[in-house]
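I have placed the structure first, in the form of structure tokens, so that the comments after it can refer back to it.
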Amino acid sequence: MNPFPTPYPTLLGDDPALQTALSTAVSEALTEYPGLAHPFRTAISFVAVDQMPDGLGFRHAGLHYGDSYFTASLAKIGALYAAYELRRSVNAVAREVTTPQKLFTRLRSEFDGVIDASVPAIAHAPGLTRAQRLPKYEQIFATTPAAGALACSFQPGFQDKLNKMIIKGTNETAAAVIQALGYSWINGALKAGGFFFPPAATGIWLAGTFTGSLPPVLIPSVNDGKVAQASTCFDMANLYAHIIRRTLVDPDSSNFMHALLATSAGGGDDISFLDFARRPVLPPRDFGVVESKVGYAPLKTGIKVVSEAAVVESLGTGQQFVVVFQNSLDDNANSLPALGYIVDRTIKLSHPAPTGHLPPTTPSAVIQALAAMGVDFSVSETNLREWLTNPDFTPYPAIAQALLAWGRGFKAPVFLDVIVWNYEHTPGVSSPRSVADVKPDILKAAVLEASNERYGTQATAVEQLFTA
């Protein structure tokens, strides 16, 4: 049995308009922050979390996004993915056996040879035994009876280490996770999944424990010679896009990975380098950080380098973007403020916020567009059309356009009039007359309340209401 996945499709498609926005933002930053190195050194993938015109992927723009850089702890996302990929493969065998002993015997018999041969550079690396290269199944998995067979979950201790590796960022727990999974499984899964490419030695690579507890296996990088942790921005962004689409491993696994990265952004020990709210030294921006994993470590020159994969959200429209950056050096005090500026300006240049009142839009077109995303109404259509033509006196045009700007569809319809009522009855909130007046968090809460009230559900986040 082959334990590895088939390659995941590339979800990112080049978008000229987004590329122009990013390139313009970088040019502006070089003027705004004259101390920055010329040419701009940081590699970036910038991904709009909405669909391409073909409906198959996300819009992408970038700089140096195909180059592999030393990425420090950002590579721990590779171990996170590999752990859940292994759980899926182990459960496929567990459904065919009745005892833990039979399970672990079959795993070693059927998996280990395939895993050990998957990455020759690791299989032939000096100083690593076969046992060190392979997964330690008993350390990773707990079994429970299920329909006459078995089901596997992570051992509580392993799950705790996995959580701390992402949320706390501790190298000791990362080392324990990496040693339990084994270099050959981690990098074999990344290779098979289409996130690492051996001929060019580019993509996501993790073959070092961060503590020196095992000898590293090195590949070339653009910024630090041979390294044990590396990535391209593009491959990390593509992996992240699959988490967002809930297609990385399976929906449940993607949900767990999403939750860990969201917790890391909201209260993790390694604070996002784009988050001005948690890093007060950074200038305020018109976006927030909702998911994050950072890397921060010295290059061989002694200069420290910053890398990060984050999901940011426009405070004006609620639009989300995946931002992956690498090779941001801390030898210049303007590096991080400039990055925040670039992210902010790219968002605004790619989707300029409306100013003043909403542009003229026919009620029929608005109602049709809302219906396509799953927003209907419980009032008379005559009344709704009248309200949609009166931006000076009703909040309906502003809230309707703010909903459409999300670019997402709902699993089950939500009433527009109930959303508006909930929004306007939020204490301390004024009735909006333009999209710029609509507060994204209040709108999300209004939608969530409308859906739960309509269906008797208890969803806790508006993201749970969206289609994949």
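Numbering of the sequence shown is given in my numbering, commencing with residue 23 and proceeding in unit increments.
For each residue, glycine too, the CB sits at the ideal point set by N, CA and C.
| message | Check for me: the alpha helix (DSSP H) holding residue 186 runs from which residue to which? | response | Per DSSP, residue 186 belongs to the alpha helix (DSSP H) from 178 to 189.
| Beta-carbon proximity list for residue 290, same chain, < 8 Å, skipping 5 on both sides | Contacts found: 188, 189, 190, 191 and 314.
| query | Whose C-alpha, out of 278, 230 and 425, is nearest the C-alpha of residue 150? | reply | For the residues 278, 230 and 425, the minimum Cα distance to residue 150 belongs to 230.
| message | Which residue wins for smallest C-alpha separation from residue 413, given the options 430, 385 and 403? | response | It is 385.
| message | Taking 9 Å as the threshold (C-beta atoms), are residue 72 and residue 531 in contact? | response | Since the first residue of the chain shown is 23 and the last is 490, residue 531 is not available in this structure.
| task | Could you check which residue in 176, 222 and 153 has the C-alpha nearest to that of residue 201? | result | For the residues 176, 222 and 153, the minimum Cα distance to residue 201 belongs to 153.
| query | When you compare only the Cα positions, how much space is there between residue 346 and residue 330? | reply | If I take the Cα positions, the gap works out to 6 Å.
| task | Mark residue 186 as exposed unless 16 or more other C-beta atoms lie within 10 angstroms of its C-beta, in which case mark it buried. | result | Looking at its Cβ environment, which holds 16 or more other Cβ atoms inside 10 Å, residue 186 is buried.
| field | C-beta contact flag for residue 35 and residue 82 at 9 Å | value | Yes, they are a contact pair.
| request: Please state if the CB of residue 107 and the CB of residue 271 are separated by a distance shorter than 9 Å. | output: Closer than 9 Å, so yes.
| query | Straight-line CA distance for residue 211 to residue 203? | reply | C-alpha separation (whole angstroms): 11 Å.
| CA-to-CA distance, residue 54 to residue 380, given in whole angstroms | Here the model assigns residue 380 a pLDDT of 38, short of 50, so the residue's position is not dependable, and the following value carries that caveat. Cα-Cα distance, rounded: 31 Å.
| Limits of the alpha helix (DSSP H) - the one that residue 425 falls within | Element bounds for residue 425: 418 to 427.
| query | By a C-beta neighbour count over all protein chains shown, 10 Å radius and 16 as the cutoff for buried, is residue 325 buried or exposed? | reply | Within a 10 Å sphere around the beta-carbon of residue 325 sit fewer than 16 other beta-carbons, which makes this residue exposed.
| query | Measuring CB to CB, does residue 343 end up less than 9 Å from residue 119? | reply | Taking 9 Å as the Cβ cut-off, residue 343 and residue 119 do not qualify as a contacting pair.
| query | Can we say the segment 296 to 304 touches the segment 127 to 147, given the rule of at least three CB pairs closer than 8 Å? | reply | Fewer than three beta-carbon pairs drawn from the segment 296 to 304 and the segment 127 to 147 are found closer than 8 Å, and the two stretches are therefore not classed as touching.
| task | With DSSP as the reference, label residue 316 as helix, strand or coil. | result | DSSP places residue 316 in strand when its eight states are reduced to three.
| task | Decide if the segment 234 to 250 is in contact with the segment 279 to 288; the criterion is three or more beta carbon pairs, one per stretch, under 8 Å apart. | result | Too few Cβ pairs lie closer than 8 Å, so no.
| said: With distance defined between alpha-carbon atoms, name the residue in 101, 208, 177 and 117 nearest to residue 26. | reply: Of the listed residues, the one whose Cα sits closest to residue 26 is 208.
| message | Can you tell me whether residue 250 is helix, strand or coil according to DSSP? | response | Here residue 250 sits in coil by DSSP.
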